[in-house]
């Protein structure tokens with residue numbers, strides 16, 4: 054399955070005086086979505102790092118459509134888009150409790166060796182997983 058959803062409640066510390074989520078706080082919501090997408094597919098990001106592989110963001114595009122507010126329960130949608138050589142791409146969206154689209158984003162991440170700091174091909178177990186969902 055290409056899509057994964059997780060709910061996140063907006064905390065007070067993530068908002069401004071008007072109760073609106075600060076724009077930079079959407080990035081951690083999307084990170085929660087990507088990490089849980091991997092976990093849902095049987096891949097622990099922690100174990101991946103322990104085996105010497107990181108997955109940093111090299112490109113992101115975020116489009117804010119409507120504000121999230123304090124104490125709202127948000128649903129973060131993470132959708133696998135594609136994987137080529139060392140890159141993996143995700144399309145993401147955040148909806149509020151009324152199922153209104155708040156934010157969309159596209160992320161490109163690169164598999165990197167923690168030992169060398171250089172891009173690397175994903176390990177075989179990740180390639181096999183990605184083949185089953187393309």
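Numbering (the working numbering), first residue to last: 54 to 187. Glycine is no exception: its CB is placed at the ideal position from the N, C-alpha and C atoms. Keep in mind it's a predicted model, so treat the numbers as computed, not measured.
Three-state class that DSSP yields for residue i in the structure shown
i, result
"residue 172", "strand"
"residue 21", "For the chain, the structure presents residues 54 to 187; residue 21 sits outside this window and is missing."
"residue 75", "coil"
"residue 88", "helix"
"residue 134", "strand"
"residue 167", "coil"
"residue 123", "coil"
"residue 67", "helix"
Residue i classed as buried or exposed, judged by whether at least 16 other C-beta atoms fall within 10 angstroms
i, result
"residue 101", "buried"
"residue 111", "exposed"
"residue 137", "exposed"
"residue 86", "buried"
"residue 153", "exposed"
"residue 196", "Outside the displayed span of the chain (54 to 187) sits residue 196, for which this structure offers no information."
"residue 155", "buried"
"residue 125", "buried"
Contacts around residue i, its chain only, beta-carbon distance under 7 Å, and the 5 residues preceding and following it disregarded
i, result
"residue 139", "163, 164, 172, 173 and 174"
"residue 54", "186"
"residue 168", "105"
"residue 109", "162, 163 and 165"
"residue 151", "none"
"residue 88", "98"
Best match in the options for proximity to residue i [C-alpha to C-alpha]
i, options, result
"residue 180", "91, 145 and 157", "91"
"residue 131", "121, 142 and 124", "142"
"residue 93", "144, 157 and 133", "133"
"residue 161", "149, 170 and 145", "145"
"residue 77", "178, 113, 124 and 184", "113"
"residue 118", "98, 99, 74 and 126", "74"
The alpha helix (DSSP H) enclosing residue i, as first and last residue numbers
i, result
"residue 98", "98-103"
"residue 60", "Run containing residue 60: none in the alpha helix (DSSP H); it sits in the beta strand (DSSP E), 56-62."
"residue 153", "No alpha helix (DSSP H) contains residue 153, which DSSP labels as neither H nor E."
Endpoints, beta strand (DSSP E) assigned at residue i
i, result
"residue 140", "140-148"
Contact set for residue i: own chain, Cβ-Cβ below 6 Å, skip 5 residues either direction
i, result
"residue 157", "116 and 146"
"residue 18", "In the structure displayed, the chain extends from 54 to 187; residue 18 sits before or after that span and is not available."
Residue i at chain B interface by Cβ criterion, 8 Å
i, result
"residue 175", "Judged by its chain identifiers, the structure shown contains no chain B, having just a single protein chain."
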